[in-house]
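A.B. asks:
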């Protein structure tokens, strides 16, 4: 008999196998689903977020794995220690960051995805076919050619990084994968309002964060085209090699769109890889009212966006679309004996997703995306885009009607930056937001606009309505007055 840790191996293996009583497992599974449905149904009645009590925090600081327990007992711990203290982005009052709320259809899709447990790094199975079908849909949405290819990622941050690697490979040739960048002095360009993950992409690509030139924005928060031309010319005179131009479709702070048509033309003239970070703004393609913002996107070499924002697919479901599939193959494809392809059988398939990106172990993000898209259609995404922008405009009107508040930035999309008027605005507005989080009705965030703290409200959640905006406005007014020691 084999022993491990003093106990027979056979007895320790019991919980690694299928349940001894499938009927009991089914009953517990039904209870979990029932509890979760009841929780989702009552979201508005509960707080957006609540802090973990000290006892719960202490529990998660334990350095010892508890003894094995029945699944029923583990579930009870989940209900007590985890479920009440989630991040809050499902709630209609959550408006702080660019996060989707998820749809109930996606919850069931996650269950099915876990049950099938497909590794979508490669091989010949339906998970790969699902991902390719969605890539075909996506290229049609954005007007990319049949030579393009799409790839699911954890999010737009990883998609932007992969695009950076592809652009680097095109600029320096395939040899960069073996020899590194050597003495090459590559530089890329993005607006000062572009996402911080782009600096990290340059860092992780071995170029250094300073390789990303942050170009000032104009009065509409768009990349300044004159300043861009001047910076490219100055870099060439200094012996640098410009290789990538990054346009933003929906900036993280204010929701601004760069002039993508103009950037595409500049990229073509300068011989630069033109990438668009459309983390959430790319979803405007579904809205007849808003897709004009994306003019010129169809000329991009690559596009990053998230299904888990306006698309409401449960986290995580990022996506990268690249104009030429061959460029991803040049960047990532490599031979390994354990990945040998066969003409048929499970190991069939000439190109696997692992040839197009960095991951071999990959969840089937395509299944939940496929199910949500099949359930909602593009029309529902468009409606959510339009709803979100309508709520933002309503908030702008409420700010303009409220003397205690002032608007700091609005790009006519779904993000509004404002503050409470006071002699010490930075200190007070940070305190207001912290207190709103603790009260649990609404959860905005903070950012900086022209160096000053702003309350930032971002609308993505289809559950949100004008009552949530009223809670925000009244809450900011009340707390501002209280923290100043006065009354409204």
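In the numbering used here, the protein residues as written are 345 to 832. Beta carbons are placed, not taken as given, at the ideal position from N, Cα and C, and that holds for glycine.
In the DSSP assignment, the alpha helix (DSSP H) including residue 296 goes from what residue to what residue?
C.D. replies: Outside the displayed range of the chain (345 to 832) lies residue 296, so it cannot be described from this structure.
A.B. asks: Secondary structure at residue 828, three-state DSSP: helix, strand or coil?
C.D. replies: Looking at residue 828 - three-state DSSP - the assignment turns out to be coil, as it is neither helix nor strand.
A.B. asks: Check whether the region 620 to 638 and the region 674 to 685 are in contact - that is, three or more C-beta pairs closer than 8 angstroms.
C.D. replies: Cβ pair count under 8 angstroms is below three, so no.
A.B. asks: Along the chain, where does the alpha helix (DSSP H) containing residue 541 start, and where does it finish?
C.D. replies: 541 to 548 is the span of the alpha helix (DSSP H), which, as asked, contains residue 541.
A.B. asks: Return helix, strand or coil for residue 403, following the three-state DSSP convention.
C.D. replies: Correct three-state label for residue 403: helix.
A.B. asks: How long is the line joining the alpha carbons of residue 389 and residue 382, rounded to whole angstroms?
C.D. replies: Answer to the nearest angstrom: the Cα atoms are 11 angstroms apart.
A.B. asks: Tell me whether residue 792 sits in a helix, a strand or coil according to DSSP, three-state version.
C.D. replies: Of the three classes helix, strand and coil, the one that applies to residue 792 here is strand, per DSSP.
A.B. asks: Would residue 772 and residue 764 qualify as a contact pair, given that the criterion is a beta-carbon distance under 8 angstroms?
C.D. replies: Yes; because the gap between Cβ atoms is below 8 angstroms, this pair is in contact.
A.B. asks: Mind listing, in chain order, the continuous beta strand (DSSP E) runs of no fewer than 3 residues lying wholly within the region 586 to 612?
C.D. replies: Those beta strand (DSSP E) runs which fall completely within the region 586 to 612 and span 3+ residues do not exist here.
A.B. asks: Alpha carbon to alpha carbon, how far is residue 554 from residue 506?
C.D. replies: Each residue's alpha carbon lies about 18 angstroms from the other.
A.B. asks: Under the rule that 16 or more other beta-carbon atoms within 10 Å means buried, what is residue 617, buried or exposed?
C.D. replies: The residue in question, residue 617, is buried, as its Cβ has 16 or more Cβ neighbours within 10 Å.
A.B. asks: From the DSSP output, in three-state form, read off residue 485 for me.
C.D. replies: Helix.
A.B. asks: Could you give the uninterrupted runs of the beta strand (DSSP E) lying entirely in the region 764 to 814, keeping only those of 3 residues or more?
C.D. replies: You should have 789 to 793, 796 to 802.
A.B. asks: For the alpha helix (DSSP H) that contains residue 732, what are its first and last residues?
C.D. replies: Residue 732 -> alpha helix (DSSP H) spans 709 to 744.
A.B. asks: Report yes if the C-beta distance between residue 712 and residue 442 is below 8 angstroms; otherwise report no.
C.D. replies: Contact flag unset, no.
A.B. asks: Distance, Cα to Cα, residue 702 vs residue 444?
C.D. replies: If I take the Cα positions, the gap works out to 25 angstroms.
A.B. asks: Measuring CA to CA, which of 708, 490, 798 is closest to residue 697?
C.D. replies: The residue with the shortest Cα to Cα distance from residue 697 is 708.
A.B. asks: Between the C-alpha atoms of residue 568 and residue 829, what's the straight-line distance to the nearest angstrom?
C.D. replies: Approximately 43 angstroms, taken between the alpha carbons.
A.B. asks: Please specify which runs of the alpha helix (DSSP H), each continuous and at least 4 residues long, are wholly inside the region 620 to 685, giving them in chain order.
C.D. replies: Entirely contained in the region 620 to 685, the alpha helix (DSSP H) runs reaching 4 residues are, in chain order, 669 to 676.
A.B. asks: Can you name the start and end residues of the alpha helix (DSSP H) that residue 513 belongs to?
C.D. replies: Start and end: 500 to 516.
A.B. asks: Where do the N-terminal and C-terminal ends of the beta strand (DSSP E) with residue 497 fall, by residue?
C.D. replies: Its beta strand (DSSP E) spans residues 493 to 497.
A.B. asks: From residue 732 to residue 398, what does the alpha carbon distance come to, in whole angstroms?
C.D. replies: Those two C-alpha atoms are separated by around 36 angstroms.
A.B. asks: So that I know if they touch, is there some Cβ in chain D lying closer than 8 angstroms to that of residue 468?
C.D. replies: Of the chains in the structure shown, none is chain D; there is only one protein chain.
A.B. asks: For residue 408, I'd like the list of residues in its chain whose CB is within less than 6 angstroms of its CB, leaving aside the five on either flank, ordered along the chain.
C.D. replies: None.
A.B. asks: Using the DSSP secondary-structure output, state which residues sit across from residue 750 in a beta bridge.
C.D. replies: DSSP, once it has assigned bridges, lists 763 as partnering residue 750.
A.B. asks: If we ignore side chains and look at the alpha-carbon of each, how far apart do residue 824 and residue 729 end up?
C.D. replies: Each residue's alpha carbon lies about 31 angstroms from the other.
A.B. asks: In chain order, which alpha helix (DSSP H) runs of at least 4 residues are fully inside the region 407 to 437?
C.D. replies: The region 407 to 437 contains these whole alpha helix (DSSP H) runs: 415 to 425.
A.B. asks: Which residue from 529, 501, 597, 785 puts its Cα closest to that of residue 819?
C.D. replies: For residue 819, the nearest C-alpha among the options comes from 785.
A.B. asks: Using DSSP bridges, identify the partner residues of residue 369.
C.D. replies: DSSP output for residue 369 lists no bridge partner at all.
A.B. asks: Run the CB neighbour count on residue 305, radius 10 Å, all protein chains shown included, and call it buried at 16 or more, exposed below.
C.D. replies: No statement about residue 305 is possible, as the shown extent of the chain runs from 345 to 832 and does not include it.
A.B. asks: For residue 790 and residue 539, I'd like the C-alpha separation in whole angstroms.
C.D. replies: Cα to Cα, the separation comes out at about 15 angstroms.
A.B. asks: Of all the options 742, 526, 704, which has the alpha carbon lying nearest to the alpha carbon of residue 550?
C.D. replies: Checked all of 742, 526, 704; the closest Cα to residue 550 is 526.
A.B. asks: When the Cα atoms are used, what is the spatial distance from residue 584 to residue 535?
C.D. replies: Rounded to whole angstroms, residue 584 to residue 535 spans 19 angstroms at the Cα level.
A.B. asks: So residue 416 and residue 372 are supposed to be a Cβ contact under 8 angstroms. How far apart are they, rounded?
C.D. replies: Contact flag correct, Cβ pair sits at about 6 angstroms.
A.B. asks: Report all residues from its chain with a CB closer than 8 angstroms to the CB of residue 800; omit the five preceding and five following residues, and keep chain order.
C.D. replies: 440, 597, 759, 760, 761, 788, 789, 790, 791.
A.B. asks: Please identify the residue among 797, 793, 777 whose C-alpha is closest to the C-alpha of residue 815.
C.D. replies: Ranking the options by Cα distance to residue 815, first place goes to 777.
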